């Protein structure tokens, strides 16, 4: 435990001193100035670097771009491979494991070692891997890299240790699973086919052993050739040459016949007694045309032929539809006797697999379900019912049902919130599922002891919100909310909404949720905010709509005298029940056509609507179109249930709404927030800048060379015409150049014609813009990234460089590619000098230095690194609160940091986190009790209530994209400052609780995850977690309490991580077991006659054929064996948790035994070498004994 003391004599003040006229430079070192009252802050910090460790915990969602599927019929676990080299292994709910191949090569095929706790993966880099599943975190035991041939197909017979591997050249190799070494036994393609054949048969597309005789291997070649190879005598039993290419083969369990699927949409049935031609050819979906010919059909990519004991066999296949039916969805066809059922799928079929009762291929299969892996979904069909219903999927595979656009993560929620959300959400669940239990029920999982209520909220492009129960590293959907129901459906091509966003007008940009009061706010891409209250009762309600004109520029240059009389913004503290009356039309919108512009983007339902239990919309706030230009997107939001206030801002200004009285309290531009106490000496622009801003903006924007020069400048010092204009660089004492100020007020500049149009909703799932991580990267793409990250258009002079819209379909195919943004350079921002509101926070604080008691305040952070405090006066009595107005005072303290402000948080003088006040939830629709009138119950965390030892005051933690500072309030003294990064910038920051203390957690654009102690801002952890950060991760990364975080790792998956050492230690206990000891079912008794006439399958000894003694060694250049890290390393990972010490001792003994064994082997080798040397020396002595000296 380390104790930090800091005397406040001579500390740096990062805000103006006694007067507001001389701002500090905000440097890291600072200039010592006299503090008003020297006293001592004594905070005992308990966190040390040993409390932190970063590791992945669990991945939720559907595997992105799946490629392969496998099932263990005894263990009942399912494996899914993906194009990025990932493998997801699923069992019963709670058993969900993610593995990743280091190479990142696509997984071509998966093969379980049935009931052995192991999995073989074949990857696109021609490498085989053996995974150990007998540990909670699977690891690779062996790898085998093929050097000269491409792997196309693998087959592992049940209870065999020899894996058959087919290659692109048509050869079949055999690998020993135990040693992962190639056998010398090879089936060459030219031996498999007849010598008279003139053409190559093509790659191997199928391998399987005959159910009748394991010594017979069926090899299918792509060209249509099928060979049954006798492994004992090393020659072909028969060869089939068919005209159509083969895609798959399925055996009848008796081994007397098999079925092939072909590229012309046909199925052929072959009998082993006569292989000259198929005894049955069918085109399941091919009809005979008028001219007598069959219509052409698509290929049947896979067929499965499964027999039943009491009914006709099942023939299940994918594809085969006729070409003339355009637009038909992908299908899975189930043929059972004469009945043919065609199941249409929402997405293309990647792979399917029938689940059977027995693992033996020579027994009646009895299929009971079929797993269908689609491109974006996983379905399991119940085959035991005639209507083939699907099972209800217990895994969260529909996160991407609509593309995810934002995320929020809440740990340590009130314990009653999850059950009530689940009970309401359960009423809207789909029906029609199979009544049977989910068939993939392998593994074991128990609720760990280190669990607490956690909720994840995802916002989507269609305007829907999903609440997920994330407790105990699982994920289950609780409740779905559709925000679009608050609005009328936009008609095609009608009004501004059609021009605004065509596909996603309701897309969610950010959410704000108070679990205690259950107040929920949603910010949408159409510059709208919806406030929801929670109720357990349905109700008839009418949604209140407020319209705000938050626009800071006019089409004409306004003179200083005109600016005084122009009511573009209300004065601070004014009240506006009639928002439209406070914003008369600007000079550019007085024409009849212009009046049509003062409309919102969406139309709120203006009638009484019946709303079900759950979250019910109470208020909708929308920004208006002004002068033919759409409103800028909202960049920041905060709502406080105790105050009854909602604040939001964008790049134009700030608005505060009283949602209890449904009035607008404040609507002001960012520059006007400073009022008379503006700390900056405004520099006039250079002549070139002024000329550029009034002459159509053609000088710099059209000059590609100048743009390229601007892109190449350093991220921290961008100079235009001699003036330091970078928003994140610290100015000298003269201050920052901004809008020129006259003696009467700010001069508003003309906006050029190139205002970027309102963009389509950007799905966080499909963003993939690389972020600069060093000075050599262009600073422009950093700003462009921030523009997309916060959903704000901050450029006015980029008509030639407007960032392109992003959409799910366009970007998804290039998910792993990175490209630079085409947005305009940072200098265009400086020319525009727009200061966006980037973060807001309500709380009890001290608005001015001389305040004696804390009052309700709004903390405002801007994109230029400025922090403003706005004090408020809120009536305390419940009746007065509904009638008396809330008054907002002029801005108080002004603080400065480097870079855009990201986060505020408050600590008491003992270092404990101060929560914002809130109202305890009460149901707004509950029946009234005349004896007990309902009253608002407020919970306040006033700084003065916890100050017994150090008097009044509190600490304010402010984090920007470059640095963090801790201020003492109300003196505004800067106690601690830490420059977080110089070469990159912070994307997400939050003050979180870890190990019964608090710290500042940061995620940087270069992929680093950092934690800093509070209040001293000591670096505790800095790990380069994600070397390449794309836009999707940047937009969805969020921290929460308990040392946890999450982000969208792909468009369909959520990755959760922890940076807490305690949780890393307990992770093994929380994860599920993939392997459970189960006795392998016994093979059925075949009977005397079947055994006698059925061949000598049971006497087949693969070891005798494929072992080194009989087959010799394979060529070393053919494949390279690579030992994996899954042995002792896997045991080390498993050796944590409750039995960690015992497991470590066992590992030490095992390692010692392993070393002793290696020593013994080396000793034996040396003895053998010595004996050989002695023998050779003796032979040499006998040979040379009788030779004369001249004979040598």
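In the numbering used here, the protein residues as written are 449 to 1640. The beta carbon of each residue, even a glycine, is placed where N, CA and C say it ideally should be. Since the model is a prediction, treat every value here as computed from it, not as a measurement.
Per-residue DSSP class, three states only, for residue i
i, result
"residue 527", "strand"
"residue 1615", "helix"
"residue 1526", "coil"
"residue 769", "coil"
"residue 1470", "strand"
"residue 647", "coil"
"residue 683", "strand"
"residue 1117", "strand"
"residue 1553", "helix"
"residue 1214", "In this predicted model, residue 1214 has a pLDDT of only 44, less than 50, meaning its place in the structure is not dependable; the value taken from the coordinates is given anyway. Residue 1214: helix per DSSP, three-state reduction."
"residue 656", "strand"
"residue 637", "helix"
"residue 954", "coil"
"residue 1559", "helix"
"residue 1080", "coil"
"residue 1106", "strand"
"residue 1482", "helix"
Residue closest to residue i, alpha-carbon to alpha-carbon, out of the options
i, options, result
"residue 1517", "620, 921 and 515", "921"
"residue 782", "567, 795, 1303 and 802", "802"
"residue 979", "778, 1105 and 733", "1105"
"residue 1422", "1429, 525, 1407 and 1430", "1407"
"residue 534", "1080, 519, 571 and 505", "571"
"residue 894", "1523, 1414, 1519 and 665", "1519"
"residue 985", "1060, 626 and 658", "1060"
"residue 1317", "1529, 1324, 1307 and 1323", "1307"
"residue 528", "603, 820, 619 and 879", "820"
"residue 492", "1356, 1565, 1340 and 514", "1356"
"residue 840", "924, 759 and 1507", "924"
"residue 701", "717, 658, 567 and 1359", "658"
"residue 1405", "1350, 1452, 1445 and 1371", "1350"
"residue 1480", "1335, 612, 1569 and 1497", "1497"
"residue 1429", "1346, 1474, 1508 and 1419", "1346"
Beta-carbon proximity of residue i to residue j, cut-off 9 Å
i, j, result
"residue 1501", "residue 542", "no"
"residue 1294", "residue 1402", "yes"
"residue 928", "residue 976", "no"
"residue 804", "residue 815", "yes"
"residue 880", "residue 931", "no"
"residue 791", "residue 751", "no"
"residue 799", "residue 554", "no"
"residue 957", "residue 847", "no"
7 Å Cβ shell around residue i - same chain, five flanking residues per side excluded
i, result
"residue 1375", "none"
"residue 1314", "1342 and 1344"
"residue 850", "908, 909, 910 and 912"
"residue 1512", "501, 503 and 1506"
"residue 705", "717, 718, 719 and 720"
"residue 595", "1565, 1566, 1567 and 1568"
"residue 633", "622, 1553, 1554 and 1559"
Own chain partners of residue i with C-beta closer than 6 Å, once the 5 adjacent residues on each side are dropped
i, result
"residue 546", "507 and 536"
"residue 890", "523, 524, 525 and 539"
"residue 1629", "none"
"residue 1058", "988"
"residue 1440", "1449, 1487 and 1489"
Heavy atom of the ligand COA within 8 Å of residue i beta-carbon
i, result
"residue 634", "Absence of the ligand COA is noted for the structure shown, with no ligands found whatsoever."
Neighbourhood of residue i by C-beta, 8 Å cutoff - its chain only, sequence neighbours within 5 removed
i, result
"residue 830", "816, 817, 836, 837, 838, 839, 882 and 884"
"residue 1472", "1454, 1455 and 1456"
Hey, is the stretch 1475 to 1486 in contact with the stretch 851 to 858, meaning 3+ C-beta pairs nearer than 8 Å?
With a cut-off of 8 Å, the stretch 851 to 858 and the stretch 1475 to 1486 count as touching, because enough Cβ pairs lie within range.
May I ask you to verify whether the stretch 1323 to 1337 touches the stretch 1365 to 1375, counting CB pairs closer than 8 Å and requiring at least 3?
No, because fewer than three Cβ pairs between the stretch 1323 to 1337 and the stretch 1365 to 1375 fall closer than 8 Å, the two stretches do not touch.
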